[in-house]
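Q:
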Amino acid sequence: TVGAVALDSAGNLAAATSTGGMTNKQVGRVGDSPLPGAGCYASDTVAVSCTGTGEVFIRTLAAYDVAALMNYGGLSLQQATERVVMEKIPQLGGSGGLIAIDRQGNVLLPFNSEGMYRGYGVVGEAPVAAIFR
Amino acid sequence: MVRATIAIHGGAGTITRTSMDAKAEQRYRQALTQIVASAQAMLASGASALDVVTEAVRLLEECPMFNAGVGSVFTHQATHELDACVMDGRTLEAGAVAGVSHIRNPVLAARAVLEHSPHVLFTGAGAESFAAAQGLEMVAADFFSTPGRRKQLERAQNQQKVVLDHDEARSGEPLDPDRKMG
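For the protein sequence lines, the chains are A and B, in the order given.
All you need for the working numbering is the position in the first sequence, starting with 1, plus 32.
All you need for the working numbering is the position in the second sequence, starting with 1, plus 124.
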C-alpha cells in the first residue's frame with residue numbers, strides 16, 4: 033500500500049491511498065485503502081493515509097478516528113495518532129501504521145509494526161526518506 | 125505563513141535480519157526521495173494539496189517496488205485487484221475505486237470519481253467502465269505483474285502459512301515482502 037498527505041500553501045489538506053491488496057488474498061476481498069474514513073481521510077483539521085491490517089483499520093475507522101479524536105476530544109495530532117496506532121489498532125490484533133499532517137504542518141508517521149517506508153518534506157527544505165525501524 | 129508539506133508512505137511491515145540488504149534499501153530511499161522532491165516542487169509552485177497527493181501516489185503506483193499499480197501483489201487466483209481513494213480536506217469530497225484490474229493508475233480513477241461523479245466509490249467492472257469513459261489509460265491485466273510478486277504468490281500458495289514464516293531468507297528487500305502490509 034502507498035499513500036500521501038499534503039498541506040498546501042493555501043492551508044488546505046488532502047490525502048490519497050492506493051494498494052494492490054494482500055498476496056494470495058481471496059478474490060473480491062477489499063481492505064481499508066479505498067474506504068474514506070478507514071484507510072484515507074482528509075478534513076480541514078487533518079489528512080491521514082493508512083497501511084496495515086485492512087480489516088482492523090476498517091473496524092476502527094482508523095483514519096477518521098484520528099480526526100475525531102482531534103475535533104471532539106481536543107487531542108493533538110501526536111496524541112490522536114498515538115492513540116489510534118499504538119493503542120486501538122493493536123487491541124484488535126491489527127498492525128501497521130499511518131501518515132498524518134495537520135493544518136499547522138505537523139507531520140506524524142507512527143507505526144506499530146517493525147518497519148515502514150516513509151518520506152516527507154517541507155517546501156524549501158531537503159526531502160527526508162527512510163525505512164524507519 | 126503556511127509551511128507547505130508533503131508526506132508519503134510505501135507500506136509497513138516486518139523486518140528480518142536476512143532481508144536487510146543495503147543496496148535494496150538505497151533503491152527504496154532513492155525512490156521515496158525523488159517522489160518527495162517532486163511533490164515539494166509542486167507545492168512550491170502553488171499546486172493544491174489535492175493535486176500533490178494525487179501525483180505523489182501516481183508516481184508510487186508507477187514504481188514497481190511498492191504494492192500499488194505496477195508491482196501490485198497477486199490474488200489467490202493469480203490476478204490483480206487494485207484499490208485507491210482520494211479525499212479533499214477543503215470540501216470533504218472523496219472518490220474511490222476498488223477491485224480494478226485494467227486501470228493503469230487507480231488513483232487517477234479515484235480522482236475522476238471525486239471530480240466527475242455524484243458518487244464516492246465504484247467497484248470492479250463499473251469502475252473500469254467509468255474510468256474508460258473519463259479517458260483514463262487502460263492496460264492489460266498482466267501490466268501490473270512482476271517476477272518478484274509472482275514468486276511471492278508461489279511461496280504463499282506452496283506453504284499456505286507463509287505469512288507466518290519470517291525465518292526464511294526472502295528477496296533482500298528491507299521489509300519482508302511476505303509480511304508487509306501493502
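For every residue, glycine included, the Cβ atom is placed at its ideal position computed from N, Cα and C.
1) List in chain order: all unbroken alpha helix (DSSP H) runs of 4+ residues lying wholly within the stretch 89–133 of chain A.
2) Counting C-beta neighbours from all protein chains within 10 Å, is the total for Lys285(B) 16 or more, i.e. buried, or is it exposed?
3) Answer with yes or no whether the minimum CB distance from Arg150(A) to chain B is below 8 Å.
4) Rounded to the nearest angstrom, what separates Asp289(B) and Thr77(A) at their Cα positions?
5) Using a Cβ-Cβ cut-off of less than 9 Å, give me the residues of the stretch 41–57 of chain A that come near chain B, in sequence order.
6) Would you mind working out which of Asp134(A), Gly106(A), Asp97(A) and Val139(A) sits nearest Glu119(A), comparing C-alpha positions?
7) My guess is that Gly129(A) and Gly84(A) are in contact by the Cβ rule of under 8 Å, so how many angstroms apart are they, rounded?
8) At a Cβ threshold of 8 Å, is Glu146(A) touching chain B?
9) When the Cβ atoms of the stretch 100–113 of chain A are set against those of the stretch 51–70 of chain A, are three or more pairs found closer than 8 Å?
10) Counting Cβ pairs closer than 8 Å, one from the stretch 216–231 of chain B and one from the stretch 248–256 of chain B, do we hit at least three?
11) According to the Cβ coordinates, are Thr178(B) and Ala48(A) closer than 8 Å?
12) In the DSSP assignment, the alpha helix (DSSP H) including Phe254(B) goes from what residue to what residue?
13) Do three or more CB pairs link the stretch 188–195 of chain B to the stretch 57–64 of chain A at distances below 8 Å?
14) Can you give the Cα-Cα distance for Cys72(A) and Asp134(A), rounded to whole angstroms?
15) Ordered along the chain, which non-local residues of its own chain (more than five positions away) have a Cβ less than 7 Å from that of Gln164(B)?
A: Reading it off the structure:
1) Counting whole runs of 4 or more residues, the stretch 89–133 of chain A contains the alpha helix (DSSP H) stretches 94–103 and 109–114.
2) The residue you call residue 285(B) lines up with position 161 of the second sequence. At Lys285(B) the pLDDT is 44, less than 50, meaning the model places this residue with poor confidence and gives no usable figure here.
3) The residue given as residue 150(A) occupies position 118 in the first sequence. For Arg150(A), the answer is yes, since a Cβ of chain B falls inside 8 Å of its Cβ.
4) By one-based count along the second sequence, residue 289(B) stands at place 165. By one-based count along the first sequence, residue 77(A) stands at place 45. Low per-residue confidence applies at Asp289(B): pLDDT is 25, beneath 50, and the placement is therefore not dependable, though the value from the model is reported in the following sentence. Spanning the two alpha carbons is a distance of roughly 40 Å.
5) Contact annotation: in the stretch 41–57 of chain A, residues whose CB is within less than 9 Å of a CB in chain B are Ser41, Ala42, Gly43, Asn44, Leu45, Ala46, Ala47, Ala48, Thr49, Ser50, Thr51, Gly52, Gly53, Met54, Thr55, Asn56 and Lys57.
6) If you number the first sequence from 1, residue 119(A) lands on position 87. The option with the nearest alpha carbon to Glu119(A) is Asp97(A).
7) As a working note, residue 129(A) is residue 97 in the first sequence. As a working note, residue 84(A) is residue 52 in the first sequence. At roughly 6 Å, the Cβ-Cβ gap stays under 8 Å, so Gly129(A) and Gly84(A) are in contact.
8) Start at 1 with the first residue of the first sequence, and residue 146(A) comes out as number 114. For Glu146(A), the answer is yes, since a Cβ of chain B falls inside 8 Å of its Cβ.
9) Fewer than three Cβ pairs drawn from the stretch 100–113 of chain A and the stretch 51–70 of chain A lie within less than 8 Å of each other, which leaves the two stretches out of contact.
10) Using a Cβ-Cβ distance cut-off of 8 Å, the stretch 216–231 of chain B and the stretch 248–256 of chain B are in contact, since at least three pairs of beta carbons, one from each stretch, lie closer than that value.
11) Working through the second sequence from its first residue, we reach residue 178(B) at position 54. Working through the first sequence from its first residue, we reach residue 48(A) at position 16. Yes; because the gap between Cβ atoms is below 8 Å, this pair is in contact.
12) As a working note, residue 254(B) is residue 130 in the second sequence. Judged by DSSP secondary structure, Phe254(B) falls within the alpha helix (DSSP H) whose first and last residues are Gly248 to Ala257.
13) No contact exists between the stretch 188–195 of chain B and the stretch 57–64 of chain A.
14) Residue mapping note: residue 72(A) aligns to position 40 of the first sequence, counting from 1. Residue mapping note: residue 134(A) aligns to position 102 of the first sequence, counting from 1. C-alpha separation (whole angstroms): 14 Å.
15) Counting from 1 along the second sequence, the entry for residue 164(B) is found at position 40. Cβ contact annotation for Gln164(B) (same chain, cutoff 7 Å, sequence separation greater than five): Ile130, in chain order.
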